[in-house]
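Note sheet for the following structure.
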Amino acid sequence: AQTVTQSQPEMSVQEAETVTLSCTYDTSENNYYLFWYKQPPSRQMILVIRQEAYKQQNATENRFSVNFQKAAKSFSLKISDSQLGDTAMYFCAFMTNFGNEKLTFGTGTRLTIIP
Amino acid sequence: EAGVTQSPTHLIKTRGQQATLRCSPISGHTSVYWYQQALGLGLQFLLWYDEGEERNRGNFPPRFSGRQFPNYSSELNVNALELEDSALYLCASSVLAGVGTDTQYFGPGTRLTVL
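First to last, the protein sequences are chains B and A. In terms of the working numbering, the first sequence is numbered consecutively and its last residue is 115. In terms of the working numbering, the second sequence is numbered consecutively and its last residue is 1115.
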């Protein structure tokens, strides 16, 4: 069974600073997908970024980037130039390929951006 | 393009009753997923429907059931409600199932409260 661990329950950072959220996972699969979702107080789960395990290049989406270390089973999210709207719960999620497409989530990191 | 929609936003039931939650996927998406987000338990996978069939099921009792209609919308039914069923129920949809893995996009959720 796959597990996803987020070891930082809460984090806070000043606006405009950079913050990194950690995520580790455990799997015996070789092909899989990793995601970061954010859940603001409105509770809508929003996709932040996605990484395919077969791609060595780290995914980036504007101010959001990941550091994907497949051997270490680590998938951290870096938020640059943080903004007040980044305040949310952030969930790391894992999905295997080939017809078993359920997301396994970590417990989340509550990120607060301080003005 | 309209996102995933869910109804109702809030639902209050008493123990022993039945609850029906509804989800409409993004246009063109054939797969619908249900997740439960309960306090202290995190996000857990409930059910996956694709092309009208149940494809996968999480570790939940049989009183959690659902179906997918020909227009790909879905219902989640919870029978014999228990207090611990109180949670946010999230629906997600994706384009294709079983042909690679596509990203799941979430709806705003239904907050179920069991009294």
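Glycine is no exception: its CB is placed at the ideal position from the N, C-alpha and C atoms.
Using beta-carbon distances, Glu-29 of chain B does not count as an interface residue toward chain A, since no partner is under 8 Å.
8 Å or more divides the Cβ of Ala-59 of chain B from the Cβ of Ile-46 of chain B. Taking the Cα positions, Ser-80 of chain B is about 45 Å away from Pro-1062 of chain A.
Listed in chain order, the beta strand (DSSP E) elements of length 3 or more contained wholly in the stretch 31 to 69 of chain B are 32 to 39, 46 to 52 and 64 to 69.
The C-alpha of Leu-111 of chain B is placed about 6 Å away from the C-alpha of Ser-12 of chain B. Per DSSP, reduced to three states, the secondary structure at Glu-1084 of chain A is helical.
Apart from sequence neighbours up to five positions away, the residues of its chain that approach Val-19 of chain B with a beta-carbon distance below 8 Å are Met-11, Val-13, Lys-78, Ile-79, Ser-82 and Leu-111, ordered along the chain. The beta-carbon distance between Ser-1073 of chain A and Pro-1008 of chain A, rounded to whole angstroms, is 14 Å. This is too long to meet the 8 Å contact definition. Residues Gln-6, Ser-7, Gln-8 and Ser-76 of the same chain have their beta carbon placed closer than 7 Å to that of Ser-22 of chain B, with the five preceding and five following residues left out of the count. Here the alpha carbons of Ser-65 of chain B and Leu-1115 of chain A stand approximately 43 Å from one another. Distance check between Tyr-1049 of chain A and each of A:Gly-1058, A:Ala-1019, A:Gly-1003 and A:Leu-1011 places A:Gly-1058 closest, using alpha-carbon atoms only.
Judged by DSSP in its simplified three-state form, Asp-1050 of chain A adopts strand.
Inclusion of Gln-1006 of chain A and Pro-1070 of chain A in the CB contact set at 8 Å is not warranted, their separation being larger than that value. Ranked by Cα distance from Glu-1051 of chain A, the options A:Ala-1080, A:Thr-1030, A:Val-1078 and A:Gly-1003 are led by A:Thr-1030. Apart from the 5 residues on each side of it in sequence, Ala-1038 of chain A sits with its Cβ closer than 6 Å to the Cβ of Ala-1087 in its chain, given in chain order. Under the three-state reduction of DSSP output, Gly-85 of chain B falls in the helix class. With its beta carbon at least 8 Å from every one in chain A, Thr-24 of chain B lies outside the interface. Burial check for Tyr-54 of chain B: the Cβ neighbour count within 10 Å stays below 16, so the residue is exposed. Judged by DSSP secondary structure, Arg-1067 of chain A falls within the beta strand (DSSP E) whose first and last residues are 1064 to 1068. The contact set of Gly-1052 of chain A on chain B, defined by CB atoms closer than 8 Å, is empty, because the minimum CB distance reaches about 16 Å.
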